[in-house]
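Data block below; observations after.
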Amino acid sequence: GAVVSQHPSWVICKSGTSVKIECRSLDFQATTMFWYRQFPKQSLMLMATSNEGSKATYEQGVEKDKFLINHASLTLSTLTVTSAHPEDSSFYICSAIREDTDTQYFGPGTRLTVL
Amino acid sequence: GNSVTQMEGPVTLSEEAFLTINCTYTATGYPSLFWYVQYPGEGLQLLLKATKADDKGSNKGFEATYRKETTSFHLEKGSVQVSDSAVYFCALSDRGGGSEKLVFGKGMKLTVNP
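Heads up: the sequence lines are chains E and U, in that order. When you line the first sequence up against our numbering, it's residues 147 to 261, in that order. When you line the second sequence up against our numbering, it's residues 96 to 209, in that order.
See the structure below:
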């Protein structure tokens, strides 16, 4: 099956620093990728839709200047958490759309802890 | 807005036990419904889906039927195995395809003991 990877799998950073998370589709091209966020014992919440070659579309309540998304190629989308604060600590999950099968493939997630 | 409510766990079963995970939804229009499974250390994987009322999705011995009258999509398996230990998520898409953005339930962790 299709594989989506995320890097890093976990990261710990100091408050005020920026952290970049990568999402790669390893064996297919993805024009569209989604970024989700999951709090403990909560469901995945969609943050934004990442579109290759154009600006990301953010869900209501998600700060676009804080969560920068870049989808510069058909196999890579990055999420940068800028000026991170402890409340940004969460599990971030990406998914990539394989259009020929109309299926969404998920990465394993990245655990971010901001001290 | 759209929402999904599912049983919260964790749940522990013995091998060969019957499994039911309840899922109900609130949505306008005619959503597609999904069950995703997340095995330890891996990403969510599509387990099964149903795109219209009365459709039954099935895969790996799991089944779920799209019940519009009760707005439900309960997941069932007649005899669970240790390898079914995972977290199960119910989800919906309000625009049909699996490539659309999804609304998820909170997930339920299942542990199956030998």
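All residues carry an ideal CB built from backbone N, CA and C; glycine is no exception.
- The beta carbon of LYS201 (chain U) sits closer than 8 Å to some beta carbon of chain E.
- Taking a beta-carbon distance threshold of 8 Å, LYS196 (chain U) counts as an interface residue toward chain E.
- For LEU139 (chain U), at least one C-beta of chain E is nearer than 8 Å to its own C-beta.
- Considering only beta carbons, the part of the region 180–196 of chain E lying closer than 9 Å to chain U consists of PHE180, TYR182, GLN184, LYS187, GLN188, SER189, LEU190, MET191, LEU192 and THR195, in chain order.
- Within chain E, not a single residue places a beta-carbon under 7 Å from that of GLY124 (chain U); the smallest gap is close to 18 Å.
- Only residues of its own chain outside the window of five on either side were considered, and among them THR119 have a CB closer than 8 Å to the CB of THR165 (chain U), listed in chain order.
- For PHE252 (chain E), the uninterrupted beta strand (DSSP E) segment begins and ends at 249–252.
- Every beta strand (DSSP E) stretch that sits fully inside the region 159–187 of chain E and reaches 3 residues is listed by chain position as 165–171 and 178–184.
- For VAL150 (chain E), the chain U residues whose Cβ falls inside 8 Å of its Cβ are GLY138, in order along the chain.
- Taking all protein chains in view, the Cβ of PRO254 (chain E) is crowded by 16 or more other Cβ atoms within 10 Å, so the residue is classified as buried.
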